[in-house]
Amino acid sequence: MGMKKIFFSLFFITFSICLGASEQAMINVYGRDFHLLNGKWNVIVDLYDQGRRMEVYKNRVPQTKEEFYEYSFENGIRLNVPGDWNSQSSELKYYEGTVWYGRHFKANISPDKRQFLYFGAVSYRCRVYLNGHEIASHEGGFTPFQVEVTDILSEGDNFLVVEVNNTRSVDAIPAMAFDWWNYGGITRDVMLVTTPRLFIRDYFVRLDNVQKDLIHATVALSAKGVRDVRIEIPELNIERTLQTNEEGVGSISLKVRKLELWEPEKARLYKVVITSEEDKIEEEIGFRQITVDGTRILVNGNPVFMRSISFHEEIPQRMGRAFSEADASMLLNEAKALGVNMIRLAHYPQNEYTVRMAEKMGIILWQEIPIWQGIDFEDRGTMEKAQTMLGEMINRDKNRCAVCFWGVANETKPSDARNSFLLSLLEKARSIDRSRLYVAAFDLVYFNKETRHFEMDDPFTSNLDVVAVNKYMGWYHPWPLSPEEAIWDVVPDKPLIISEFGGEALYGQHGDEEVTSSWSEEYQAKLYRDNIEMFNHIPNLCGVSPWVLFDFRSPFRFHPTNQDGWNRKGLLSDQGLRKKAWYVMHEYYKQKKLGK
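Under the working numbering, read the sequence shown as residues 631 to 1226, first letter to last.
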């Protein structure tokens, strides 16, 4: 790569970090000085949205004989944070509306420090109040946000209130109807983060897209001005200094020797230390390349077949949101046992614990925002929300080399408005990160009776690096011909992933493998065998991802005996028991790993 190309690449990264400076939370929050505000919080359930009118965020108590207030955080309901409210109270199982969370916490004020409240995620929209004053708001149930509280914290006791609302709306993302549970609450960690006055706000350290011995690093400080920043990778004997520009952003390219690359199932991470005059932050970062060559996906220049699975951020055994390291371990180890080298984190950015743990396990990740059917593509405000969510997702995880795919949509229908909306997302994403592949999942493949081929017509696919298809042959679509006769002619010039396939079965229910309505393990297993046969006739196939790892909760699913509020497409039941189809898929992945 010539110096001109390197300069352009560095300029692009520098510009993208500056672009998101005013809207993005600090990255690697777990590598900073923080105090968790998790635990039991007092809550008020506000069915009719009267709390703001009553100013419950002021947490007033009577001071005279005449005063009284028709609310109290004390001596009422208490809920765990992080956690959803639906799984913590039977009365709140189906609740969609407003819940006020409140708690006291102590703070120590230091004149040479700054302090921030950081929320891993609040579902779905919220307002934040500190000591009786509104200080922030956020929309989006799966991405982090922060607010600086340096000048509004009190020494000693402080009272924090979060007004949370998960009411579905037409302009929300996702919108009115979606096939998973609408969990509400403060669903991820809440932290009080302390930084120096001038701190390292952002950085992006990655391997060059072409050269395997060239690392690019860009660092953004929390204030403008020319300053020195040191970059160290001790195992590679690298210690270099970059200088920020007037905007407080600096970039450097580092030539390295004997760099061991991160690969699926062979995770290699290096300690990276970034030091400024006042701040120091450490991080484990892996280096890899993810590219496309014709219809192949290459990792570090080698073709890799994506043996994938999807799961929701849910622990089915307790019927609640996953939120902890233990939860991440359970989900990831079950995926690993299936034989995967990739996970599609559907259909939204999942917990940072999950992303970081997957990286250490050598699992490729596909992350996406919940642009899932039903989105109002003509609404400008919805587009801006989507751009913000996408930026928040990429910003949090851009240093995670396990993330190889950014997904921008799932099962959307072609229209001028849809195309403009999704193009705006791609432009936003590529302005931040050009080191990943961009993908969307479509459900528009049809069987052409004249050509007797499976085909798809969606011109938006030309904008993507990889095209994915959700196709439920044998479930929502009867077979028009035998699986061994199936021929696919879908985006033949691009890599294709079958991102969803499968069907429902109730664990322990047995029946005729030929009868769809048996909801039996036998039918699901045969459906999987048939689909695997069909895969042999997709010439540009570079990966498959059955839907889904576990049965998951969905009010969408009405069958009283076979579903009962659950989507039963899981390879494992809601109790974590393996269905017959699990063994079919496990054997298929075993053979694919062997190159067969």
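Cβ atoms here follow ideal geometry from the backbone N, Cα and C, with glycine treated the same way.
Going by C-alpha to C-alpha distance, which of the options sits closest to residue i?
| i | options | result |
| --- | --- | --- |
| Phe1182 | Trp811, Phe834, Thr817 | Trp811 |
| Ser753 | Asn761, Phe775, Asp742 | Phe775 |
| Val777 | Glu955, Gln745, Trp1212 | Gln745 |
| Ile973 | Phe698, Val1174, Pro1169, Tyr1106 | Val1174 |
| Ser883 | Ala847, Ile863, Glu862, Leu851 | Ala847 |
| Asp1160 | Arg1208, Gly1195, Pro1110, Asn1170 | Pro1110 |
| Glu955 | Ala1155, Thr984, Glu696 | Thr984 |
| Gly661 | Val903, His977, Lys1210 | Val903 |
| His942 | Leu961, Val886, Phe935 | Leu961 |
| Asn1228 | Gln693, Trp1105, Leu747, Thr1081 | Absent from the model: residue 1228. The displayed extent of the chain is 631 to 1226, so no value can be given. |
| Phe678 | Tyr1137, Tyr725, Asp923, Ile993 | Here the sequence assigns Tyr to residue 678, which means Phe is not the residue at that position. Out of Tyr1137, Tyr725, Asp923, Ile993, Tyr725 has the C-alpha closest to the C-alpha of Tyr678. |
| Leu822 | Pro1169, Lys842, Asn788, Asn796 | Asn788 |
| Lys910 | Gly950, Lys901, Arg918 | Lys901 |
| Met1023 | Asp742, Gly1037, Pro864 | Gly1037 |
| Arg937 | Glu982, Val970, Gly1132, Met949 | Val970 |
| Gly1133 | Leu1056, Arg1064, Tyr1106, Ala1070 | Tyr1106 |
| Pro1125 | His1083, Ala1071, Val800 | Ala1071 |
| Gly952 | Pro894, Pro712, Ile707, Asn705 | First, the residue type needs correcting, since residue 952 is Ala and not Gly in the sequence shown. When only C-alpha atoms are compared, the closest one is Pro712. |
| Phe1131 | Ala1155, Met949, Asp1119 | Ala1155 |
| Asn875 | Gly992, Val849, Thr1012, Gln980 | Val849 |
| Phe599 | Ile765, Met1013, Ala766, Phe917 | Nothing about residue 599 can be reported from this structure: the residues present for the chain run from 631 to 1226 only. |
| Arg870 | Leu851, Ile845, Tyr1218 | Ile845 |
| Arg1187 | Lys1220, Arg1208, Phe772, Ala1135 | Ala1135 |
| Tyr687 | Val729, Asp663, Glu1085 | Val729 |
Beta-carbon of residue i versus every beta-carbon of chain B: anything under 9 Å?
| i | result |
| --- | --- |
| Tyr660 | Protein chains in the displayed structure number just one, and chain B is not present. |
Between the C-alpha atoms of residue i and residue j, what's the straight-line distance to the nearest angstrom?
| i | j | result |
| --- | --- | --- |
| Ile782 | Phe735 | 14 Å |
| Asn1049 | Trp892 | 35 Å |
| Leu968 | Val929 | 21 Å |
| Trp715 | Val1178 | 25 Å |
| Lys854 | Phe829 | 11 Å |
| Gly1225 | Phe935 | 9 Å |
| Gly814 | Thr1146 | 35 Å |
| Ala897 | Lys990 | 6 Å |
| Leu975 | Pro692 | 49 Å |
| Lys695 | Phe1051 | 58 Å |
| Gly1141 | Val1097 | 36 Å |
| Glu862 | Arg887 | 14 Å |
| Pro1089 | Ile657 | 36 Å |
| Thr925 | Leu1056 | 21 Å |
| Glu913 | Gly880 | 18 Å |
| Tyr978 | Phe698 | 44 Å |
| Ser1091 | Val1121 | One detail in the question is off: residue 1091 reads as Thr in this sequence, not Ser. Cα-Cα distance, rounded: 8 Å. |
| Val1069 | Asn705 | 49 Å |
| Ser940 | Gln980 | 12 Å |
| Ile915 | Glu1144 | 49 Å |
| Tyr1102 | Trp1118 | 14 Å |
Check whether the Cβ atoms of residue i and residue j sit closer than 9 Å, and answer yes or no.
| i | j | result |
| --- | --- | --- |
| Asn1197 | Gln1139 | no |
| Leu1202 | Glu998 | no |
| Lys1028 | Ile1062 | yes |
| Asp809 | Ser1129 | no |
| Glu944 | Pro826 | no |
| Leu1074 | Asp1087 | yes |
| Arg1060 | Ile920 | no |
| Ala958 | Leu995 | no |
| Gly727 | Asp676 | yes |
| Phe749 | Val820 | yes |
| Asp1204 | Pro946 | yes |
| Gly1104 | Leu1157 | yes |
| Lys743 | Thr824 | yes |
| Ala1211 | Pro1169 | no |
| Gly786 | Asn689 | no |
| Thr905 | Arg948 | no |
| Ala655 | Asn1025 | yes |
Next on the checklist: Closer than 8 Å is the cut-off here; do at least three beta carbon pairs connect the segment 792 to 803 with the segment 750 to 766?
Outcome noted: yes
Item to check | At least three beta-carbon pairs within less than 8 Å, the segment 1042 to 1060 to the segment 1003 to 1016 | outcome: yes
Next on the checklist: Contact between the segment 1111 to 1125 and the segment 1152 to 1167 is defined here as three or more beta-carbon pairs at a separation below 8 Å; is this criterion met?
Outcome noted: yes
Item to check | Segment contact, 8 Å Cβ cut-off, at least three pairs: the segment 829 to 843 with the segment 682 to 692 | outcome: no
Item to check | Sequence ranges, beta strand (DSSP E) only - wholly within the segment 1074 to 1161, length at least 3 | outcome: 1076 to 1078, 1083 to 1085, 1096 to 1100, 1126 to 1130
Checklist entry - What are the complete beta strand (DSSP E) segments, minimum 3 residues, inside the segment 1029 to 1074? => result 1033 to 1040, 1067 to 1072
Item to check | Ordered list of beta strand (DSSP E) runs contained in the segment 886 to 932, each at least 3 residues | outcome: 900 to 905, 910 to 915, 920 to 923, 926 to 929
Item to check | Completely contained beta strand (DSSP E) runs for the segment 669 to 748, where each covers 3 or more residues | outcome: 669 to 676, 707 to 711, 728 to 737
Checklist entry - What are the uninterrupted segments assigned as beta strand (DSSP E) that are 3 or more residues long and contained completely in the segment 739 to 804, given in chain order? => result 743 to 749, 755 to 760, 763 to 769, 775 to 778, 786 to 795
Next on the checklist: Please give the ranges of any alpha helix (DSSP H) in the segment 1177 to 1214, keeping only runs that are unbroken, at least 4 residues long and fully inside the region.
Outcome noted: none
Item to check | Entirely enclosed beta strand (DSSP E) segments - the segment 812 to 845, minimum 3 residues | outcome: 820 to 826, 830 to 837
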